[in-house]
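Numbering (numbering that gives the first Met the number 0), first residue to last: 0 to 353.
Ideal Cβ positions, reconstructed from N, Cα and C, are used throughout, including at glycine.
Computed from a predicted model, the values in this text were never measured in an experiment.
The block underneath contains the structure these notes are about, expressed in structure tokens.
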Amino acid sequence: MDRAELIATIKAGEAVTGACLDGADLGGADLSGALLEQVSFRGARLAGASFKESILTACDLTGADLTGANLHQVAMHRCIASQAKLARTNWAAAQVAESDLSLADLTDADLILAAFASSRFTGARLARASLDRTVLADAEVTHLDLSGARLTFTHLIKADMTTVALAGARCRSVVFIGGRFVGMDLSRMDFTRSQFTEADLTGVDLSGATLAQCGFKGANLTGARLDGALAANAIFVEANLTDASLRGATLTQALFVDAELGGADLSRASMEQSIWHRARCERARFPGAELTYADFSHADVRRADFTGARLFRARFHRTRDEGTVFTGRALALGDDEPLAEAETWQDRLRDKAG
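Okay, structure coming up:
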């Protein structure tokens with residue numbers, strides 16, 4: 000099948016099955032609305048071509064040149080585009096499943112509203128690409144290059160990010176649920192409003208990063224560095240920050256409910272109105288920290304160090320503080336006796352019911 004036959008078949012609304020167009024010159028061709036099954040475009044020249052609203056099933060685009068191609072609302076299933084040239088392509092609202100884009104070049108591509116399910120991006124290049132509301136679910140992203148990319152409301156579900164290049168990338172409102180970032184250098188990056196729920200961030204360097212309103216519920220941040228991070232209103236509920244360093248971090252109104260902070264260093268951190276209900280902070284360090292109106296109700300701060308911390312109206316209701324070092328405790332609030340009595344009564348009722 001040649002170029003003319005291909006275009007004529009598509010214009011007639013007929014499906015193209017099993018055709019071989021390897022190395023064909025299809026530059027600028029209008030292939031929109033095509034039904035393509037098991038068609039081979041290996042090494043074909045498709046620069047500027049349009050696959051708008053086309054459906055490709057089990058097609059082979061290995062090494063093809065699709066530079067600047069229009070893939071708006073394309074549907075691809077079980078296709079191979081390994082080593083394909085896809086720079087400046089338009090993937091708006093595309094639906095891709097079980098496809099292989101390993102080593103493909105998607106530099107400056109627009110992936111707005113595109114969804115990729117169970118697909119491979121091993122070694123692919125998405126430098127400076129726009130991933131606005133893009134979904135990569137169960138994707139293989141080993142050595143994926145996202146340097147300089149713009150990620151907004153992007154979903155990277157359960158992705159192993161440890162080998163992904165993120166230098167210069169902007170990640171705002173990105174969902175990294177269940178992701179793996181162990182040992183990565185993410186310092187000074189912008190992750191505003193991003194979600195790291197249940198993610199593994201063990202030993203990650205987030206020093207100087209912008210983490211305002213980020214969610215780390217249930218995340219593992221053991222040994223992580225957040226020195227100087229801007230994390231106002233961040234959520235660390237049930238997170239593990241054992242031995243983490245948050246020196247000088249901005250954590251105004253942050254939530255540490257049920258979090259583990261044993262041995263963590265929060266020296267000189269700004270934590271006004273932060274909430275620490277039931278947090279476990281044994282041996283944690285708070286020297287020089289700003290904790291005005293912070294609430295440590297039911298927290299465990301045994302052997303913690305609050306030397307020089309500002310504790311004006313900070314609440315230590317029913318807090319465990321044996322061996323804790325305080326220098327400004329007189330300005331803080333202790334047990335709320337009526338509340339403590341009510342809680343004790345409730346505990347007794349639960350014990351009887353149990």
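{"Item": "Quick one: residues in its chain with C-beta nearer than 7 Å to the C-beta of Gly-42, no 5 flanking neighbours on either side, listed in chain order?", "Value": "Asp-21, Gly-22, Gly-62 and Ala-63"}
{"Item": "To the nearest angstrom, how far is the alpha carbon of Leu-332 from that of Arg-314?", "Value": "5 Å"}
{"Item": "Taking the alpha carbon of Cys-78 as the point to measure from, which residue in Thr-209, Ala-263, Ala-68 and Val-38 has its own alpha carbon closest?", "Value": "Val-38"}
{"Item": "What separation, rounded to the nearest whole angstrom, lies between the Cα atoms of Arg-44 and Asp-226?", "Value": "50 Å"}
{"Item": "Bridge partners of Val-173, per DSSP?", "Value": "Paired residue(s): none; Val-173 is not in a bridge."}
{"Item": "Hey, how far is the Cα of Ala-33 from the Cα of Phe-115?", "Value": "20 Å"}
{"Item": "Whole angstroms is fine: what's the gap from Ser-266's alpha carbon to Gly-247's?", "Value": "6 Å"}
{"Item": "Beta-carbon within less than 7 Å of Gln-272's beta-carbon, same chain only, minus the 5 sequence neighbours each way: which residues are those?", "Value": "Thr-251, Gln-252, Tyr-292 and Ala-293"}
{"Item": "Looking only at its own chain, which residues have a Cβ that is under 6 Å from the Cβ of Asp-29, when we skip the five neighbours before and after it?", "Value": "Ser-49"}
{"Item": "What are the boundary residues of the beta strand (DSSP E) that Thr-61 is part of?", "Value": "Segment: none, Thr-61 is in no beta strand (DSSP E) and carries neither H nor E."}
{"Item": "Would you report the Cα separation of Thr-133 and Thr-249, rounded to the nearest angstrom?", "Value": "30 Å"}
{"Item": "Would Ala-258 and Phe-235 be called neighbours here (beta carbons separated by less than 8 Å)?", "Value": "yes"}
{"Item": "Below 7 Å CB to CB, which residues in the same chain sit around Leu-25 once its five sequence neighbours on both sides are set aside?", "Value": "Arg-2, Ala-43, Arg-44, Leu-45 and Ala-48"}
{"Item": "Do Asp-189 and Thr-209 have their C-beta atoms within less than 8 Å of each other?", "Value": "yes"}
{"Item": "At which residue ranges does the region 264-301 contain complete beta strand (DSSP E) runs of 3 or more residues, listed in the order of the chain?", "Value": "none"}
{"Item": "Go through its chain and collect everything with a Cβ distance to Arg-124's Cβ below 7 Å, but skip five positions before and after it.", "Value": "Asp-104, Leu-105, Thr-106 and Asp-144"}
{"Item": "In terms of residues, what are the limits of the beta strand (DSSP E) holding Thr-151?", "Value": "149-151"}
{"Item": "Could you give the distance in angstroms between the alpha-carbon of Phe-305 and the alpha-carbon of Gly-287?", "Value": "7 Å"}
{"Item": "According to DSSP, simplified to helix, strand and coil, what is Arg-2?", "Value": "helix"}
{"Item": "Look at Leu-35 and Ile-6 and say whether their C-beta atoms are less than 8 Å apart.", "Value": "no"}
{"Item": "Please classify Ile-9: does DSSP put it in a helix, a strand, or coil?", "Value": "helix"}
{"Item": "Following the continuous beta strand (DSSP E) through Met-183, name the residue where it begins and the one where it ends.", "Value": "Counting along the chain, Met-183 falls outside any beta strand (DSSP E), and DSSP gives it neither H nor E."}
{"Item": "Cα-Cα, which of Leu-240, Met-270, Gly-214 and Glu-289 is closest to Glu-281?", "Value": "Leu-240"}
{"Item": "If you check the beta carbons only, do His-71 and Ala-92 fall under 8 Å apart?", "Value": "yes"}
{"Item": "Could you compute how far the alpha carbon of Ala-68 sits from the alpha carbon of Leu-110?", "Value": "12 Å"}
{"Item": "Considering only the alpha carbon of each residue, which of Gly-27, Ala-164, Ala-230 and Phe-120 lies closest to Gln-194?", "Value": "Ala-230"}
{"Item": "Tell me, please, which residues DSSP counts as bridged to Gln-194.", "Value": "Val-174 and Gly-214"}
{"Item": "What is the rounded straight-line gap between the Cα of Arg-169 and the Cα of Gly-322?", "Value": "44 Å"}
{"Item": "Assuming Val-95 is part of the beta strand (DSSP E), what are its boundary residues?", "Value": "94-96"}
{"Item": "Is Arg-317 near Asp-299, with beta carbons less than 8 Å apart?", "Value": "no"}
{"Item": "Based on the DSSP output, what are the partners of Asp-144 in its beta bridges?", "Value": "Arg-124 and Ala-164"}
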